[in-house]
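A short write-up of the structure that comes next.
Protein chains in written order, with the numbering used here: chain A, 98 to 441; chain B, 98 to 441.
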């Protein structure tokens with residue numbers, strides 16, 4: 098099953114609707130509309146049909162996943178009885194981000210990408226990447242969808258893409274084991290972790306991880322494919338810029354398995370419905386590894402086998418923005434004398 | 098005004114209710130109950146009063162802030178006409194996290210803390226901390242509230258607290274200027290950025306920032322104080338462990354102003370209602386800077402002038418957890434030949 102979100106016009110303005118996509122038929126079913134019509138056929142009043150379908154199929158896929166197993170049952174019911182008034186041709190749809198994640202992690206689970214990126218900086222990859230699956234957190238406030246323009250990051254003159262698989266959590270889980278963690282996934286999507294390389298290079302010496310080098314745009318889409326449709330451990334991943342292939346890889350080259358990533362992500366914490374977990378960039382899956390960069394107007398297409406194609410256009414450089422003025426060093430260490438025992 | 102969230106029992110189980118706190122009267126007003134009763138007095142049916150009060154005062158403070166300026170107007174209305182059936186004595190209340198943030202950043206805006214923490218590692222603080230306000234992202238999935246037990250982080254034998262001011266965003270804003278950014282704040286809360294120092298030390302060499310060293314618990318509470326009640330640029334901050342004062346500082350020692358932090362946070366992105374932005378730890382505001390650590394059963398109290406006191410008890414060490422087995426190094430760089438121009 099493929100589940101996405103599209104933007105439809107209503108008398109109250111634009112509204113995001115959950116859709117189920119049928120690629121072969123070139124159609125999407127507006128789930129709220131379909132469920133409302135199904136309920137009316139089963140004797141519900143217009144008022145009740147609207148209220149119930151709105152609760153099961155709100156604009157937020159994360160909120161919809163909150164219904165647990167009932168959510169997918171309702172989706173199946175809504176598309177099992179097709180109603181032509183709830184069906185839309187795929188062409189011409191305006192896409193919202195496939196999901197509105199309440200939290201987003203990004204792992205660095207492809208050794209080849211890390212080795213290459215470090216080699217560009219004349220560095221060897223540190224032991225920590227082999228000792229544990231390393232991650233940082235992405236910015237849920239700047240998620241964009243299929244066909245959206247990527248805002249050019251302030252302060253940057255080196256924009257890049259990153260070709261990643263996005264894991265979408267379906268059900269809550271804590272302290273999971275690698276062998277069974279995958280049961281908590283709803284499905285997968287295509288993730289483009291857009292990066293301002295020069296900003297990233299300036300901020301990474303802090304050791305605090307990517308910040309404004311990443312927190313301007315993360316693309317998720319075009320939709321989520323549920324796990325029953327594919328073998329997520331062997332998916333071909335391709336990136337094209339202006340129609341030319343730049344990157345090609347496979348999820349089969351993951352250094353840390355998807356089960357291991359989910360287990361680590363959930364350790365001493367929890368996965369929540371709608372959360373998105375990136376695998377990190379596949380080897381040679383970004384311009385940095387290819388001595389290439391993106392320019393305004395470039396069209397970036399990421400395609401993952403069995404999911405679909407996520408396309409974005411790079412926006413224009415922005416004008417003015419607030420740039421911090423450097424501060425003076427004023428403080429010296431004020432540590433107390435080191436005690437003979439660690440706890441006093 | 099002080100706004101918080103408490104857990105109340107209902108026939109359908111425990112439910113989080115938004116409350117307005119009157120410290121002097123030692124009372125909290127259940128806003129949903131108060132608004133429902135006010136509406137009924139104004140002629141609303143029981144059904145409509147329940148529906149309307151539930152929309153304005155849901156369990157989520159973030160969702161409530163979505164109503165914009167109407168939210169605070171409704172709060173004022175609900176507490177202006179006190180109804181004894183909606184009022185609860187402060188003592189005995191069970192607190193939920195002050196807010197349920199959709200995103201959380203943590204800055205490193207107190208130079209003294211950074212200089213001290215680096216001195217513990219025999220390092221000088223890097224230039225990047227003086228060039229821009231550095232931040233990392235906190236984990237919204239592991240937020241805890243006042244009086245909650247702090248889960249002991251897996252793999253750790255060195256637990257620590259961090260004394261911070263938490264800024265709570267009220268209204269959306271992008272590319273803000275330092276002089277006016279503060280207008281987007283609802284108020285402030287006390288933030289304890291609990292840290293597993295040994296786990297943090299193992300993962301920081303990645304450069305990807307704190308992960309499992311932080312992503313097990315962040316305490317927010319006891320409530321949010323709106324900005325009209327205080328001067329956030331001069332608040333005394335104190336930490337006590339088992340009743341003994343360990344840390345004392347002030348927001349007046351911030352290296353980057355709160356306006357600068359908000360402006361940078363919003364650059365090429367946006368602040369969203371309910372988002373929490375930490376200032377980072379005040380100088381000498383954690384055990385690391387004092388050669389001290391926390392033990393199971395320790396009671397940590399953080400108090401900030403004009404806000405209140407956030408108290409948490411350190412939990413017991415956990416038993417089994419999944420620990421990754423190291424991977425072998427297998428990849429060598431596969432970079433293409435360096436081109437003569439950067440774009441080919």
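Glycine included, each C-beta is placed from N, C-alpha and C at the ideal position.
Computed from a prediction, not measured in an experiment: that's the story for all the values here.
Secondary-structure assignment with DSSP links residue 262 of chain A through a beta bridge to A/287. Between residue 419 of chain A and chain B, the shortest Cβ-Cβ separation is below 8 Å.
Contact residues of the segment 286-302 of chain A toward chain B are 299, 300, 301, 302 (C-beta to C-beta distance below 8 Å). Judged by beta-carbon spacing, residue 334 of chain A lies beyond the 8 Å limit of residue 222 of chain A, meaning their Cβ atoms are not closer than that value.
A residue is called buried once 16 or more other Cβ atoms fall within 10 Å of its Cβ, and residue 203 of chain A is buried on that count. Residues 233, 297 of the same chain have their beta carbon placed closer than 6 Å to that of residue 307 of chain A, with the five preceding and five following residues left out of the count. Identification of residues in the segment 186-207 of chain B having a C-beta nearer than 8 Å to some C-beta of chain A yields 199, 200, 205, given in sequence order. At least one C-beta of chain A is nearer than 8 Å to the C-beta of residue 381 of chain B. For residue 433 of chain A, the C-beta contacts it makes with chain B under 9 Å involve 381, 386, 387, 388, in order along the chain. The beta-carbon of residue 147 of chain A is placed no less than 8 Å from the nearest beta-carbon of chain B.
Between the alpha carbons of residue 279 of chain B and residue 208 of chain A lies a distance of about 43 Å.
The three-state secondary structure of residue 227 of chain B, taken from DSSP, is helix. By the neighbour-count definition (other C-beta atoms within 10 Å, threshold 16), residue 266 of chain B is a buried residue. In the structure shown, the three-state DSSP call for residue 114 of chain A is strand. Taking the Cα of residue 154 of chain B as reference, the smallest distance to any Cα among B/140, B/169, B/144, B/142 is reached at B/169.
Residue 238 of chain A counts as buried, since at least 16 other C-beta atoms from the protein chains shown sit within 10 angstroms of its C-beta.
Residues of chain A with a Cβ closer than 7 Å to the Cβ of residue 395 of chain B do not exist; the shortest Cβ-Cβ separation is about 10 Å. Taking 8 Å as the cut-off, the beta carbon of residue 249 of chain A is found closer than this to the beta carbon of residue 412 of chain A. A check of alpha carbon separations from residue 394 of chain B across B/186, B/244, B/315, B/429 identifies B/244 as the nearest. The criterion of a C-beta distance shorter than 8 Å is not satisfied by residue 388 of chain B and residue 430 of chain A. For residue 133 of chain A and residue 172 of chain A, the gap between their C-alpha atoms comes out near 12 Å.
Fewer than three Cβ pairs drawn from the segment 179-189 of chain B and the segment 215-229 of chain A lie within less than 8 Å of each other, which leaves the two stretches out of contact. Inter-residue distance for residue 107 of chain B and residue 167 of chain B is about 27 Å (C-alpha atoms, whole angstroms).
Counting only Cβ-Cβ distances below 7 Å, residue 238 of chain B has contacts in chain A at 200, 366, 367, 369, in chain order. Residue environment analysis places residue 231 of chain B among the buried positions, since at least 16 neighbouring C-beta atoms fall within 10 angstroms of its C-beta. In the three-state reduction of the DSSP assignment, residue 364 of chain A falls in the coil class, being assigned neither a helical nor a strand state. Note on residue 99 of chain B: 16 or more other CB atoms within 10 angstroms of its CB, so buried under the neighbour-count rule. Taking 4 residues as the minimum length, the segment 314-362 of chain B contains no alpha helix (DSSP H) run wholly inside it. For residue 409 of chain A, the pairing in a beta bridge is given by DSSP as A/397.
Assigned with DSSP and collapsed to three states, residue 153 of chain B falls in helix.
In this structure, DSSP gives residue 203 of chain B an extended state, which the three-state scheme calls strand. Counting along the chain, the unbroken beta strand (DSSP E) around residue 127 of chain B starts and ends at 124-127.
Short of 6 Å from the beta carbon of residue 176 of chain A, and not among the five residues preceding or following it, lie these beta carbons of its own chain, in chain order: 117, 126. At a beta-carbon threshold of 8 Å, none of the residues of chain B lie near residue 279 of chain A; the nearest stands roughly 14 Å away. About 7 Å separates the Cβ atoms of residue 311 of chain B and residue 235 of chain B, confirming a contact at the 8 Å cut-off. For residue 223 of chain B, the C-beta contacts it makes with chain A under 7 Å involve 302, 303, in order along the chain.
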